[in-house]
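Notes for the one structure printed next.
In our numbering, the protein residues as written are 144 to 351.
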């Protein structure tokens with residue numbers, strides 16, 4: 144609690160919010176990120192303040208892990224790309240409440256989109272972006288990257304990169320089947336701490 148009369152940080156009033164919106168428009172960064180910069184408020188404190196403003200409950204990684212992921216409604220890769228997720232209060236079935244966890248309460252379009260994925264009322268909760276990422280990373284570790292190979296094949300990439308940062312999202316998002324194969328193989332090998340990777344050509348394809 145701040146000492147009486149002390150004003151170390153700015154609150155999220157209408158004037159600050161207006162400045163943050165303008166800064167976000169110019170920078171392309173999320174509005175919440177601009178609010179952090181303008182107010183100097185600690186991220187978790189800002190989440191609490193925004194939650195009060197929007198009358199949302201706050202959740203953290205531990206509480207998210209106590210729920211069941213609803214990746215059937217919002218797949219892991221898309222959740223990583225959008226920075227939000229859907230949970231179930233209990234395993235799917237009678238009495239299960241779908242919970243949408245968001246980091247930006249100003250993104251009304253994103254909230255409408257999340258609600259459209261569910262054929263039932265959705266309970267929205269606010270969380271720190273880092274907590275959402277931590278939750279998704281926990282589940283990413285348990286997902287086998289090669290599963291992404293069964294999805295649609297794309298066209299050849301428009302450009303090549305000299306270095307690649309691999310994650311489950313980047314592996315699944317590769318447009319070229321060949322790039323996706325190489326990336327997913329390397330990704331799995333790194334996670335398994337493999338010393339080497341062997342490729343063998345066969346009459347029916349390639350064995351890894």
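A virtual CB, placed ideally from N, CA and C, is assigned to each residue, including glycine.
Anticipated Cβ contact below 8 Å, residue 166 with residue 177, distance rounded: 4 Å
Is it right to say residue 230 is buried, meaning 16 or more other beta carbons lie within 10 angstroms of its own, or is it exposed? When all chains shown are included, residue 230 counts as buried.
Let me make sure I understand the geometry here. Which of 205, 203, 155, 161 has the alpha-carbon closest to that of residue 183? Ranking 205, 203, 155, 161 by Cα distance to residue 183 puts 155 first.
Going by beta carbon distance, what residues of the same chain come within less than 7 Å of residue 277, once the five residues before and after it are set aside? Result list for residue 277: 204, in chain order.
Limits of the alpha helix (DSSP H) - the one that residue 193 falls within: 186-197
Do residue 246 and residue 266 have their beta-carbon atoms positioned less than 9 Å apart in this structure? no
DSSP three-state label for residue 242, please. strand
Counterpart residues of residue 172 in DSSP-defined beta bridges: Looking at the DSSP output, residue 172 shares a beta bridge with no other residue.
Spatial distance of residue 186 from residue 239 (CA atoms): 30 Å
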